[in-house]
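Everything in the sequence shown is counted per this note's numbering, starting at 864 for the first residue and increasing by one. In what follows, a single structure is set out as C-alpha cells and then discussed.
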Amino acid sequence: MKLGIVLEGGGMRGVFTAGILDYFLEQGLHIPYVIGVSAGANNGMSYVSNQIGRNRVVNIKYIDDKRFLSYGNLLKHGSVFGMDFIFNEIPNELEPFDYESFFQSPCKYVLGVTNIQTGQEEYYDQKTDKESFWKYLRASSSLPFIAKKVTVKGQDYMDGGVHDPIPVHKSIEDGNEFNIVILTQPKGYEKKPSKIVNLAKLCYSQYPKLPELLKIRHDIYNDTIKDIEKLEKQGNVFVFRPSGEINIDRMEKSKGTLELSYEEGYEQARTKYAELIKWIEENKMISNNID
C-alpha cells in the first residue's frame, strides 16, 4: 500500500472533489487507500462504494430542501445541516448507499474525527463496528457552533477538520509514500486566525481543549499546506485544487454555483489524468491501472 487519496473537507466546496472522484471511477481508477475529514470523508465513501454520480446528486439535488441545509435546522435540531436527513433518510431511502460494496471493498477507507474531550484526532476505518462507524462519520461533519457534538462510546466528537484538516500525514504514517491530495481551496489560500475563540470558551466551557484547538487551527492548516507544497515539489504528492474563479461558500445554496464547481473538478481530473497516470507509473506504485 504505497498510494493514497487524501480529501480535504470544506462543506459544499466538496462538490469540486466529487467531480474529480467521479472521473476517476469512470476511468476505473481505484486507489487502495482513501482518507478524508468532514465533506471529504463523505465524498470518499461513495468513491469506495463505486457509486458514480451519487455525491453530485446528494449535494446538488437536495440543496433547496430545507431538511438538507437551513438555519431553521439550527433552531429546531441544533445543526445547520440536517444530520438525520443527510445521514439517515438520504442514504437509506432517497439515494441508497451501497453498504455491501463499501464494507467489502478491498480499499482501506479512513475518516478523522476530533475528540473534543482530549483535543486529539482519532481515525476509524471499515473494521469499526457499523453503528459506531456511522456515528463517527456524522461527527466528522459536525462543525462547532453549527452542529451538535456526537457521542460515541462515552467520548464526544466533532469535525475532524478542527485538528487535522488535510490528513496527509496520517496517510504517510499508514504507509503511503505517495498521495493524491484533493484540496477545496485555491493555491495561495491562507486561513486566518479564528474570531470566535472567546465565544468558544463560553459555549464549550466543559471542553477547554476545543477553544485551544480553534485558536491554533489556522496555524495547523497553513503548516499542512506548506508541507503539501513541499511534498509536491519532491514528487511525492499529486495535487488537485480549485482555480478560485468560482466563488463558492462552505454553505453554498446556489445550484448553478455548485454545478460549476463540480464540473471544474471533473474537467480538471480529465485534463490532468494522463499526467496523473504517468506520475503513478514513473513511481512504480501499482501496476494494472490500480484496479
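We treat Cβ as the ideally placed atom computed from N, Cα and C, and that holds for glycine. These numbers come from a predicted model, not from an experiment.
Asked	Found
Measuring alpha carbon to alpha carbon, tell me which residue in K1096, G1107, L1121 is nearest W1142.	K1096
Here's the rule: buried if 16 or more other CB atoms are within 10 angstroms of the residue's CB, otherwise exposed. What is A1137?	exposed
Nearest CA to the CA of E1126: which residue from V869, G872, G877, F966?	G877
May I ask you to list the residues that DSSP assigns as paired with M1021?	T977
Check this for me: beta carbons of A1046 and F1103, under 8 Å apart or not?	According to the sequence as given, residue 1046 is Leu; it is not Ala. Against a cut-off of 8 Å, the Cβ pair of F1103 and L1046 comes out as a contact.
Are the CB atoms of L866 and F1041 within a distance shorter than 8 Å?	yes
What's the C-alpha gap between N1152 and D1027?	Since pLDDT at N1152 reaches only 44, below the 50 mark, its modelled position is unreliable, and the value read off the structure follows with that caveat. Approximately 30 Å, taken between the alpha carbons.
If you compare alpha carbons, which of L957, S912, G1024 is closest to K922?	Rather than Lys, the amino acid found at residue 922 in this sequence is Asn. Closest by alpha carbon: L957.
Do you know offhand how far Y1129's Cα is from G916's?	11 Å
Which residues in the same chain as V1031 place their Cβ atom closer than 8 Å to its Cβ, once the five residues preceding and following it in sequence are excluded?	V869, N1042, V1044, T1087, D1090, I1091, L1094, V1100
Helix, strand or coil for Q1131, going by three-state DSSP, please let me know.	helix
Which two residues bound the contiguous alpha helix (DSSP H) that contains L1159?	Past the boundaries of the shown model lies residue 1159; the chain is included only from 864 to 1154, so the question cannot be answered.
Kindly indicate the opening and closing residues of the alpha helix (DSSP H) around G935.	934 to 940
Buried or exposed, going by whether 16 or more other CB atoms sit within 10 Å of the CB of K1012?	buried
Please check the pair M1021 and M875, which I expect to be a contact at CB under 8 Å, by giving their CB distance rounded to whole angstroms.	Incorrect: roughly 19 Å between the Cβ atoms, too far for contact.
Cutting at 6 Å between CB atoms, please list the residues of its own chain near K1050, excluding the five before and the five after it.	R1104
Checking 8 Å against the spacing of the C-beta atoms, do F944 and S901 come in under that value?	no
Starting from L1076, trace the alpha helix (DSSP H) in both directions and tell me its first and last residue.	1072 to 1097
Taking all protein chains shown into account, decide if S1106 is buried (16 or more other Cβ within 10 angstroms of its Cβ) or exposed.	exposed
Hey, out of F1008, V920, H940, whose CA is closest to L1062's CA?	F1008
For P1056, collect the residues of the same chain with a Cβ closer than 7 Å to its Cβ; drop the 5 residues on either side in sequence, then sort them by chain order.	H1081
Roughly how many whole angstroms lie between the Cα atoms of K929 and T981?	34 Å
Give me whichever residues DSSP pairs with K971 in a beta bridge.	Y896
Flag this pair as touching only if the segment 932 to 939 and the segment 892 to 906 have three or more C-beta atom pairs under 8 Å; answer yes or no.	no
How big is the Cα-Cα spacing for S1150 and P895?	Any reading at S1150 must be qualified, since the residue scores a pLDDT of 40, below 50, and its modelled position is unreliable; the value itself is stated next. Looking at the two C-alpha atoms, the distance is approximately 12 Å.
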